[in-house]
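When we follow our numbering, the leftmost residue of the sequence shown carries the number 11, and every step to the right adds one.
Notes follow once the structure below has been shown.
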Amino acid sequence: MATLKERIDADLKDAMRAKDEIKLSTLRMMKSTIKYKEVEPGASLLDDAQILGVLATLVKQRRESIEQFRAGKRDDLADKEEKEIAVIQLYMPQQLTAAELTAEVAKAIAEAKATSAKDMGAVMKVASPRLKGKAEGKAISDEVKAQLAKLG
């Protein structure tokens, strides 16, 4: 099984051969961001789990950009960002469905023995590590808030 970095490199070459501009530019950006993280002072080579964290950050940045572009009536740029997200997500684990996320958050609430919205921090401490890479932090947070609001 090839590492994530090796997969990105191989797919980069394939995108060059296929002249797939969106995929090519997105893969170059991903590779550049990973390399940048590796050469930061005190950093070392990233393993697959750390690379997934970098990719999650890239997706989050793109989602924020999409909101800004849509607010500014720049649908062309928002569409480009959505295409980039689609390419990045090819290298991330399958995201949880809404039902699966709801079930996982319910388990975390039970484990944390949460009774009200004041217990959100405790629930997030349980849920976040378990769902890392499988769901975005904002989605987890929103689901925890919604379920805790129902409790009281």
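A virtual CB, placed ideally from N, CA and C, is assigned to each residue, including glycine.
Model, not experiment: these values are computed from the prediction.
Check                                                                                                                                                          : Outcome
Just list the residues that DSSP pairs K45 with in beta bridges.                                                                                               : K45 is not bridged to any residue.
Where does K93 fall in DSSP's three states?                                                                                                                    : helix
Take every Cβ of the segment 88 to 97, pair it with every Cβ of the segment 60 to 72, and state whether three or more of those distances are shorter than 8 Å. : yes
Pull up the CB-CB distance for M40 and I18, whole angstroms please, since I reckon it's below 8 Å.                                                             : 6 Å
Pick helix, strand or coil for K142, following the three-state DSSP scheme.                                                                                    : strand
For K33, which of helix, strand or coil comes out of DSSP?                                                                                                     : helix
Is E110 near L141, with beta carbons less than 7 Å apart?                                                                                                      : no
Take M26 and list the residues in its own chain whose beta-carbon comes closer than 8 Å to its own, dropping the five residues that flank it on each side.     : L34
Does the structure place the segment 112 to 127 close enough to the segment 135 to 151 that three or more beta carbon pairs sit under 8 Å?                     : yes
Comparing C-alpha positions only, which one of A132, Q104, G131, A124 sits nearest to A145?                                                                    : Q104
Which of helix, strand or coil does DSSP assign to G52?                                                                                                        : coil
Quick check: what's the CA-CA separation for Q99 versus V64?                                                                                                   : 12 Å
Output the boundary residues of the alpha helix (DSSP H) element that contains A166.                                                                           : There is simply no residue 166 to check, as the chain begins at 11 and stops at 162 in what is shown.
Between the C-alpha atoms of L62 and M102, what's the straight-line distance to the nearest angstrom?                                                          : 6 Å
Report all residues from its chain with a CB closer than 6 Å to the CB of F79; omit the five preceding and five following residues, and keep chain order.      : L87, A88
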